[in-house]
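Working notes for the structure below.
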Ligand code: GLY
Ligand code: MN
Ligand code: MN
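Residue numbers (my numbering): 458 to 908.
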């Protein structure tokens with residue numbers, strides 16, 4: 458184990474009190490008999506020998522604030538050392554090629570580890586560190602290398618049984634453990650998430666002000682992501698969607714390379730990521746600055762659903778109820794447009810709305826765009842509680858070849874997505890900085906041609 462050797466020139470603490478208190482909360486939850494083993498994430502190949510920019514594992518970053526490939530956290534509540542980090546060793550030659558490393562000293566001095574070791578020592582040190590631990594939490598869904606290292610450590614302890622060493626007999630999934638902490642945003646998480654959503658809103662505003670026919674979807678993507686980076690975000694928290702015309706009806710459209718055509722609508726779904734928290738906002742608006750009467754009527758249906766869904770986002774309700782409230786308004790709208798037939802209850806029960814609305818209305822939001830935390834408790838939808846952040850994103854998508862739809866609406870996709878904090882006193886719309894009322898949008902559309 459390294460002791461406090463002051464060899465770093467930069468000893469500014471990067472470990473925040475928020476990561477320390479998160480480790481404490483998790484430690485209290487798992488108790489003295491358990492340990493938590495978490496991988497920090499690996500570099501992902503983009504093509505051949507080039508890699509994506511590194512983005513740490515959300516759980517790992519949540520507990521450490523450290524963004525370095527390959528790192529491993531071991532937390533052993535009530536034991537010494539309690540918080541151990543395994544990190545890449547300092548290596549001046551390698552750092553010239555692939556960037557600075559904190560090294561074990563940095564892990565202690567800047568990230569608050571009680572002990573830190575080079576990554577290469579993980580396998581040999583793990584058995585001793587797990588001796589006497591009854592259960593180990595680790596993520597089941599990824600990190601096969603870490604699984605192998607753990608199994609090897611368990612096998613080693615098994616062989617040394619007769620010498621009095623005791624191995625953990627229970628492996629538990631860390632995902633639920635972390636999810637149940639992450640779902641309630643603590644003060645630091647909320648501060649970061651609020652700022653991520655604010656930056657997301659700034660990106661959307663720039664796009665709304667900059668849009669006009671003759672540009673391309675790629676211009677809008679560039680405007681948005683320029684704002685994100687300029688305002689301190691690492692970039693988008695998920696693939697930015699800029700879909701003009703019937704591209705808006707493709708839910709995961711990310712090509713963003715078609716020209717913007719006068720008279721069509723543009724759907725933009727974009728969120729900025731800041732310190733591993735992301736916004737998730739969608740707005741839809743006319744490329745030439747004014748909705749046609751038909752487009753406006755369709756838009757008003759989705760907007761009414763969005764606003765009703767947000768009102769439903771209150772303590773004690775749940776995301777099935779939000780979905781239900783939105784669905785009823787969307788179904789009534791589809792009936793008014795003669796796109797479906799029957800009574801509204803029939804349309805809902807028989808899912809006749811599905812060709813026009815095929816996704817759910819809400820998901821948790823935080824470090825991951827589709828964030829951690831159980832959606833059901835027992836078999837019932839989880840009651841909403843203060844500190845939860847979710848999206849409300851109703852939509853209508855009219856297929857381009859729908860013979861029942863008026864020609865002016867064929868190929869229109871409209872989604873309006875906001876980020877909502879559940880509070881005791883009622884929902885707080887974190888993304889309120891981006892207009893969505895028709896008049897407010899029309900007042901600023903194309904007002905500031907950046908390109
Ligand atoms: N942008 C991903 C989502 O809205 O869920
Ligand atoms: Mn979303
Ligand atoms: Mn979205």
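In this text, a Cβ means the ideal position worked out from N, Cα and C, and glycines have one as well.
Given residue i as reference, the closest of the options once Cα atoms are compared
i, options, result
"residue 658", "684, 647, 640 and 905", "684"
"residue 843", "888, 728, 715 and 775", "775"
"residue 884", "781, 773 and 541", "773"
"residue 632", "514, 905, 756 and 587", "514"
"residue 531", "555, 819, 483 and 502", "483"
"residue 816", "848, 474 and 670", "848"
"residue 783", "673, 757, 825 and 795", "757"
"residue 648", "902, 574, 609 and 734", "734"
"residue 750", "771, 794, 780 and 713", "794"
"residue 636", "828, 511 and 868", "828"
"residue 707", "475, 579, 840 and 853", "853"
"residue 845", "587, 891, 823 and 900", "823"
"residue 755", "868, 600 and 902", "868"
"residue 587", "560, 541, 566 and 507", "541"
Check whether residue i and residue j have beta carbons under 8 Å apart
i, j, result
"residue 736", "residue 694", "yes"
"residue 792", "residue 801", "yes"
"residue 851", "residue 762", "yes"
"residue 538", "residue 572", "yes"
"residue 614", "residue 622", "yes"
"residue 499", "residue 526", "yes"
"residue 855", "residue 866", "yes"
"residue 544", "residue 753", "no"
"residue 875", "residue 666", "no"
"residue 664", "residue 725", "yes"
"residue 826", "residue 700", "no"
"residue 603", "residue 494", "yes"
"residue 766", "residue 818", "yes"
"residue 692", "residue 682", "yes"
"residue 591", "residue 490", "yes"
"residue 674", "residue 715", "yes"
"residue 630", "residue 596", "yes"
"residue 583", "residue 620", "no"
"residue 422", "residue 634", "Nothing about residue 422 can be read from this structure; the chain reaches only from 458 to 908."
"residue 903", "residue 746", "yes"
"residue 705", "residue 497", "no"
Burial state of residue i (16 or more Cβ within 10 Å)
i, result
"residue 505", "exposed"
"residue 516", "buried"
"residue 898", "buried"
"residue 562", "buried"
"residue 721", "buried"
"residue 553", "exposed"
"residue 550", "exposed"
"residue 644", "exposed"
"residue 764", "buried"
"residue 478", "exposed"
"residue 888", "buried"
"residue 769", "buried"
"residue 627", "exposed"
As assigned by DSSP and simplified to three states, the class of residue i
i, result
"residue 735", "strand"
"residue 818", "coil"
"residue 759", "helix"
"residue 782", "helix"
"residue 793", "helix"
"residue 872", "strand"
"residue 698", "strand"
"residue 726", "strand"
"residue 852", "strand"
"residue 624", "coil"
"residue 772", "coil"
"residue 881", "coil"
"residue 811", "coil"
"residue 847", "strand"
"residue 572", "strand"
"residue 907", "coil"
"residue 465", "Legend: pLDDT at residue 465 = 37, less than 50; position of this residue unreliable, value from coordinates given subsequently. Coil at residue 465, not helix or strand."
"residue 562", "helix"
"residue 826", "coil"
"residue 556", "coil"
"residue 895", "helix"
"residue 864", "helix"
"residue 714", "coil"
"residue 643", "coil"
Min CB distance residue i to chain D below 8 Å
i, result
"residue 505", "Protein chains in the displayed structure number just one, and chain D is not present."
Item to check | Every unbroken alpha helix (DSSP H) inside the stretch 575 to 608 [4 residues or more] | outcome: 579 to 587
Checklist entry - Residue ranges of each alpha helix (DSSP H) run of no fewer than 4 residues wholly in the stretch 654 to 696, ordered along the chain? => result Taking only runs of at least 4 residues, the alpha helix (DSSP H) segments lying wholly in the stretch 654 to 696 are 674 to 687.
Next on the checklist: If we require 3 or more residues per run, which beta strand (DSSP E) segments fall completely within the stretch 492 to 531?
Outcome noted: 502 to 504
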